[in-house]
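Visitor: Got a structure for you, questions after.
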Amino acid sequence: MEEDISRLRRAEEIRVLEKAQTRAATVAFCDDILISSPPSCPAADFKRPRLRRCLFDPTTIDWSHSTRVGGGLDGYIWKVWFGADGPYALNVFWDANQPDFYHYFAAQSECQNVALLQMLETAI
């Protein structure tokens, strides 16, 4: 798998960035507001979804009871407990920062998708 990832990265490094892709990379996709109430659902928020911050403290993850569920090109999914609370799915991405070459940023896509799902759940 590491060889496949390296080959994909090398191929993407030679692609030219388009203006739309460059703009999309600069759009904020996380918010410092805590997930303590339903999200706002105006049309403008659906155009630029932002995932709100989790209430749990990552330093309280009980790694002794956590297990890796699966993994792939974007990273791993872990089954974790935050102290006595859990289990929860935790995505751990290979890339912590936006790549400087053409490639979708998995963390950005995932955060935007989850934010949209939360807004849809609230709106329905």
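This note's numbering applies: residue -3 is where the sequence shown begins, and numbers increase by one. Glycine included, each C-beta is placed from N, C-alpha and C at the ideal position. The model shown is predicted, which means the values in this text are computed figures rather than measured ones.
Measure the Cβ-Cβ separation of asparagine 157 and glutamate 106 and say whether it is below 8 Å.
Guide: Within the shown structure, residues of the chain are numbered from -3 to 120, placing residue 157 beyond reach of any answer.
Visitor: Taking the beta strand (DSSP E) that phenylalanine 25 belongs to, which residues open and close that run?
Guide: Translated into positions along the sequence shown, residue 25 becomes position 29. Run containing phenylalanine 25: none; DSSP gives neither H nor E here.
Visitor: Does the distance from the CB of threonine 63 to the CB of tryptophan 74 come in under 8 Å?
Guide: Numbered from 1 along the sequence shown, position 67 holds the residue referred to as residue 63. Numbered from 1 along the sequence shown, position 78 holds the residue referred to as residue 74. Yes, the Cβ-Cβ distance between threonine 63 and tryptophan 74 is below 8 Å.
Visitor: With aspartate 41 as the anchor, note down where its alpha helix (DSSP H) starts and where it stops.
Guide: Along the sequence shown, read from residue 1 onward, the residue named residue 41 stands at position 45. If you look at aspartate 41, you'll find it in the alpha helix (DSSP H) that goes 39 to 43.
Visitor: For tyrosine 84, list the residues DSSP reports as bridge partners.
Guide: What you label residue 84 is simply residue 88 of the sequence shown in a count that begins at 1. Beta-bridge pairing links tyrosine 84 to Val76.
Visitor: Taking the alpha carbon of phenylalanine 52 as the point to measure from, which residue in Lys43, Ile31, Leu69 has its own alpha carbon closest?
Guide: As a first step, residue 52 must be located in the sequence shown, where it is residue number 56. Answer by Cα proximity: Ile31.
Visitor: Are the beta-carbon atoms belonging to alanine 103 and phenylalanine 89 less than 8 Å from one another?
Guide: As a position in the sequence shown, residue 103 is number 107, starting the count at 1. As a position in the sequence shown, residue 89 is number 93, starting the count at 1. It is a contact, given that the beta carbons lie within the stated cut-off.
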